[in-house]
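Structure, as structure tokens:
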Amino acid sequence: MSYSTQNDPQLDLNKLFPFPLDDFQYNAIAALNEGKSVVVCAPTGSGKTLVGEYAIHRALAGNRRVFYTTPLKALSNQKYRDFKDLLGPENVGLLTGDISVNRDAAVVVMTTEIFRNMLYGTPIGEVGTSMEAVEAVVLDECHYMNDRQRGTVWEESIIYCPREIQLVALSATVANSEQLTDWISRVHGPTELIYSDFRPVPLQYHFCNTKGLFPLLDNSLKKINPRLKERKGPPQRGRNRNDVPNLTAVISHLQERDMLPAIYFIFSRKGCDRSVAEVRHLSLVTEAEAALLKKHIDAFVAASPEGIRPDQLEVLYRGIAAHHAGLLPTWKGLVEELFQQGLIKVVFATETLAAGINMPARTTVISSLSKRTDDGHRLLKPSEFLQMSGRAGRRGMDIEGYVVTVQTPFEGAKEAAYLATSKPDPLVSQFTPSYGMVLNLLQRHTLEEAKELIERSFGQYLSTINLIPAQREIEIMQAELALIEAQFGFRGEQNMAILEETLASFEKIYERLREERRLLKLLQRQAEDSRMHQMALAMDSTSLGTIVGLRGKHVPTARSFEADPIPAVLVAKTPSSGQAPYFLCLGRDNRWYVVSSADIVILQPQSQRLNVDYVDIPNIPFKLGQCRKGDELTVAIVQQIPNLMLPEPPPEVITQQEQVERLELELDAHPIHEWGKPNKLLKRWQRWAELDEIIQERRTELEEDLARHWQEFLALISILQYCEALDELKPTDLGQATAALRGDNELWLGLALKSGIFDDLDPHHLAAACAALVTEVYRPDSWTRYHLSDDVENALGRLRGIRQELFKQQRRYRVALPIWLERDLTGLIEQWALETDWLELVANTSLDEGDIVRMFRRTLDFLSQIPHVPHLSESLKQNAIRARHLIDRFPINEAVD
1 MSYSTQNDPQ LDLNKLFPFP LDDFQYNAIA ALNEGKSVVV CAPTGSGKTL VGEYAIHRAL
61 AGNRRVFYTT PLKALSNQKY RDFKDLLGPE NVGLLTGDIS VNRDAAVVVM TTEIFRNMLY
121 GTPIGEVGTS MEAVEAVVLD ECHYMNDRQR GTVWEESIIY CPREIQLVAL SATVANSEQL
181 TDWISRVHGP TELIYSDFRP VPLQYHFCNT KGLFPLLDNS LKKINPRLKE RKGPPQRGRN
241 RNDVPNLTAV ISHLQERDML PAIYFIFSRK GCDRSVAEVR HLSLVTEAEA ALLKKHIDAF
301 VAASPEGIRP DQLEVLYRGI AAHHAGLLPT WKGLVEELFQ QGLIKVVFAT ETLAAGINMP
361 ARTTVISSLS KRTDDGHRLL KPSEFLQMSG RAGRRGMDIE GYVVTVQTPF EGAKEAAYLA
421 TSKPDPLVSQ FTPSYGMVLN LLQRHTLEEA KELIERSFGQ YLSTINLIPA QREIEIMQAE
481 LALIEAQFGF RGEQNMAILE ETLASFEKIY ERLREERRLL KLLQRQAEDS RMHQMALAMD
541 STSLGTIVGL RGKHVPTARS FEADPIPAVL VAKTPSSGQA PYFLCLGRDN RWYVVSSADI
601 VILQPQSQRL NVDYVDIPNI PFKLGQCRKG DELTVAIVQQ IPNLMLPEPP PEVITQQEQV
661 ERLELELDAH PIHEWGKPNK LLKRWQRWAE LDEIIQERRT ELEEDLARHW QEFLALISIL
721 QYCEALDELK PTDLGQATAA LRGDNELWLG LALKSGIFDD LDPHHLAAAC AALVTEVYRP
781 DSWTRYHLSD DVENALGRLR GIRQELFKQQ RRYRVALPIW LERDLTGLIE QWALETDWLE
841 LVANTSLDEG DIVRMFRRTL DFLSQIPHVP HLSESLKQNA IRARHLIDRF PINEAVD
């Protein structure tokens, strides 16, 4: 079923948007009006959000609802504020896990993860109560599908969303937007790609070094500026650090050229803070701006004295700030507000600022073109570079935006030009089954239905597409296989089996024959060597007139063996002078030969000796290989030379010869000859067998690749069954409790909560124990002076056995889901729940304030889930509510108004 446009209200675009729309915006609106879902793929800052706003206006006009999803809580909060101003607070709600405001409103802003979890609560493909009257779902920042940790949420949301609900996917430019659109069309319904590479505010790329600020590209905007090309010469491992411009110089260039305000991207928190300290002597604001800054900042300090960043307060008055995850959210919110008002001129920010927060600038500065990641130090990906670049250029305020890259000791203009001219990266699938996914699907679906849903993932789609070349290769090999079978004249598998058996029989005999022939040659060679050795010894005492057999014709020169030796008589021999003698022989062919003992292969008995004493020695040099024709006088002697008596081979040679002849006869009579010439048949069959084996291997690889997600799903089922969360395929009480949880490892959370170990903990102890389950281990050198109380230590200690067993099962099935049990830092939670002062808390840990807030908010989110989890004790649920109240205070609580 697809969305129907019947009775749609006609909206006046001129009233909705009192400014000209771009073509891609018109096209997207037209597609929505036709009842299609859309993928809007356009550069950052190009106005994609307008398409989402139109979907909202259209739904409101028809008394329908819209869900607007974002990847980040901060972005959801920002969108909530924007839509409240646009539509009125009564029409807008917010859901971010631990915050629920006006959840039944016509427009509900939420994180994409919350939307996915809502879909889990309804049979897949059906419109449950939570989705009632929802006309469209906006998936903002849809390119977050690339996110390694959370990308799977977008895929699940698209797969599970009812087909009658329109999807409005808003994405930055990606290389495979057609594939994304085609996949959504297949799994959800008719979807149209709206693609644009047009930027309302064009970008100009610059490069800064110690010599100044220069255009990065040439006039074609496709190649590096010739002025920035490196001089030819031997490659350098690193550039001289003196070539790197200092921070003050870069900002001065920007200020002189009216390129402020700027976001200055630095890939570390400490780097951002150091940069603020380095330029604290600068003032980038006018007197009027300084007065406004003082008014806003002083008001913030008066209202939230605990929320200030003392080391950055003075420089904030000068129009300079830092923005990164280590800062308090309230302080970051102040920086964002001041920047949006144009009062902050430079913000030193980490890459997270490029993820969607509305802080457009005239210029973005990218301080380094490489960064450290979990996979090591690497060059930025084109999409990462484009995402940061896209923050430059404020629509309606700037004629053009500026992107400035900076010389570093390791990267220069060459790398910058490469990234500036590169196409965006493709979206890849991060789809990964989880315990929660398995349990939620099996609560409402059969195993076959679950498999069908898993196989609808974007990862499965990409695998199918990417494996097409391999499939074509298999098809080519199959065609060759069929041709060979046709040459054999196969008529079904029975004939093939007969031929295979016949060939195997022939090949077995043939291999035996080869081995027997090898043994025969070995025995013959051994017999010949023995006979020649004996003959060499006998030749020393051989008298003239002895009948001999010479090896072949002209043997002394040709050295070739012939089966029939030449009969001859020994007439003379050279005297021995320390060397073996030469022999002069008269052959029955009436020719004289000068030979060595090695050329005499037969020595007849002395009884056949001829009288040659009267024979005249011819005038022939006694040099090995000499040969002369005899005369009429030698004819009479030649006629007396008898036939040779060939020596009998040794018995073992005769026996081996008989074995070879028997096998030869067996091969000659073999039925293989009825199929054709054996050699050709064997080669053809070997090729057939080789192809068949390769095809089977490739098919197995393809099947394994295509079934990878399903095998992961089955592995999770096995672990859930072992842990008794599943009774065969039916979720048990533990399974139902686990299905209601969300986290990095829902089974671990479910096992801990259902164990009963936390049931009697006091609220402040429960808060600390829960924090241990959801806190990702920070740097190993992180510390706090607060230690856990004995009650919490004992509770966590009792979880060790459960944790070890889960580790064991996950290793067995190669499941790599984290099983957190952080004990060193969670004393902070306990102290905070006991109302310790914030500044005192911060002074007693190495963690940045932002890290503390993130840890506390993850704990809050977990605590807020517990009261809604089935089959838990009432005491645990009530204590979770009390624990949440203890820690949900400034600056931990989120203000969204």
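According to the UniProt record's numbering, the stretch in the sequence shown is residues 1 to 897, in order.
Every residue, glycine too, gets a C-beta built ideally from N, C-alpha and C.
Rounded straight-line distance, which links the Cα of residue j to that of residue i
i: Leu847; j: Ser782; result: 6 Å
i: Phe713; j: Phe265; result: 40 Å
i: Phe83; j: Val92; result: 7 Å
i: Gln407; j: Glu230; result: 12 Å
i: Thr248; j: Val365; result: 13 Å
i: Leu442; j: Pro433; result: 13 Å
i: Arg378; j: Phe385; result: 13 Å
i: Leu167; j: Thr112; result: 13 Å
i: Ala416; j: Ile357; result: 25 Å
i: Met145; j: Ala74; result: 18 Å
i: Arg395; j: Pro18; result: 15 Å
i: Ala816; j: Gln809; result: 11 Å
i: Arg884; j: Leu863; result: 6 Å
i: Gly625; j: Arg609; result: 24 Å
i: Phe410; j: Glu449; result: 53 Å
i: Arg148; j: Gly376; result: 16 Å
i: Gly52; j: Val38; result: 10 Å
i: His868; j: Leu180; result: 35 Å
i: Asn893; j: Thr44; result: 30 Å
i: Ile866; j: Lys877; result: 6 Å
i: Ile617; j: Leu584; result: 9 Å
i: residue 922; j: Lys211; result: Examination of residue 922 is not possible in this model, given that the chain is present from 1 through 897 alone.
i: Ile655; j: Asp564; result: Sequence inspection shows Thr at residue 655; the Ile mentioned does not correspond to that position. Roughly 22 Å between the two C-alpha positions.
i: Asn176; j: Thr464; result: 15 Å
i: Phe348; j: Leu806; result: 43 Å
Environment of residue i [buried if 16+ CB atoms lie within 10 Å]
i: Met645; result: exposed
i: Ser607; result: exposed
i: Ser530; result: exposed
i: Met397; result: exposed
i: Val250; result: buried
i: Ala772; result: buried
i: Arg362; result: buried
i: Leu766; result: buried
i: Ser46; result: buried
i: Ser543; result: exposed
i: Ala291; result: exposed
i: His787; result: exposed
i: Asp273; result: buried
i: Gly676; result: exposed
Supposed close pair residue i, residue j - CB separation, criterion 8 Å
i: Met855; j: Thr775; result: 5 Å
i: Arg58; j: Leu11; result: 6 Å
i: Ile829; j: Ala768; result: 5 Å
i: Lys48; j: Thr191; result: About 16 Å separates the two Cβ atoms, so there is no contact after all.
i: residue 915; j: Gly326; result: Any property of residue 915 remains undetermined from this structure, which presents the chain solely from 1 to 897.
i: Leu343; j: Ile159; result: About 45 Å separates the two Cβ atoms, so there is no contact after all.
i: residue 906; j: Val571; result: Outside the displayed span of the chain (1 to 897) sits residue 906, for which this structure offers no information.
Short CB-CB distance (under 8 Å) between residue i and chain B
i: Ile476; result: As a matter of chain content, chain B is missing from the structure shown, which is built from one protein chain.
Open item on the list: As an exercise, report each continuous alpha helix (DSSP H) stretch of at least 4 residues that is fully enclosed by the segment 270-337, in chain order.
Closed with: Runs of the alpha helix (DSSP H) inside the segment 270-337: 287-303 and 310-316.
Open item on the list: As an exercise, report each continuous beta strand (DSSP E) stretch of at least 3 residues that is fully enclosed by the segment 820-892, in chain order.
Closed with: The segment 820-892 is shown to contain no whole beta strand (DSSP E) run of 3 or more residues.
Task: beta strand (DSSP E) runs contained entirely in the segment 71-156, provided each spans 3 or more residues - done: Taking only runs of at least 3 residues, the beta strand (DSSP E) segments lying wholly in the segment 71-156 are 92-95, 107-111 and 134-139.
Open item on the list: If contact is defined by three or more beta carbon pairs under 8 Å, each pair taking one atom from either stretch, is the segment 422-433 in contact with the segment 165-182?
Closed with: By the Cβ rule, the segment 165-182 counts as touching the segment 422-433, because three or more pairs are nearer than 8 Å.
Open item on the list: Does the contact criterion of 3 or more C-beta pairs under 8 Å hold for the segment 792-801 versus the segment 682-698?
Closed with: Too few Cβ pairs lie closer than 8 Å, so no.
Open item on the list: For the segment 303-322 against the segment 274-289, do three or more pairs of beta-carbon atoms, one drawn from each stretch, fall closer than 8 Å, so that the two count as touching?
Closed with: In short, these stretches touch, since the Cβ pair count reaches three.
Open item on the list: Ignoring anything shorter than 4 residues, give me the alpha helix (DSSP H) runs that lie fully in the segment 358-436, in order along the chain.
Closed with: Within the segment 358-436, the complete alpha helix (DSSP H) runs of at least 4 residues are 382-389 and 413-420.
TODO: Mind the definition here: the segment 727-737 touches the segment 835-842 only if three or more C-beta pairs lie below 8 Å; say whether that holds.
DONE: They do not touch, by the three-pair rule.
TODO: Please confirm if the segment 194-210 is in contact with the segment 463-483, defined as three or more CB-CB distances below 8 Å between the two stretches.
DONE: The count of Cβ pairs closer than 8 Å, one atom from the segment 194-210 and one from the segment 463-483, stays below three, leaving the stretches out of contact.
Open item on the list: So, does the segment 216-223 touch the segment 59-69, judging by three or more C-beta pairs under 8 Å?
Closed with: Under the 8 Å Cβ criterion, the segment 216-223 does not count as touching the segment 59-69, having fewer than three qualifying pairs.
- [ ] Identify every run of the alpha helix (DSSP H) within the segment 721-764, keeping only runs that are complete inside it and at least 4 residues long; order them along the chain.
- [x] The qualifying runs are 733-739 and 746-754.
Task: Three-pair Cβ contact test at 8 Å for the segment 647-656 versus the segment 501-512 - done: Taking 8 Å as the limit for Cβ pairs, the verdict is that the segment 501-512 does not touch the segment 647-656.
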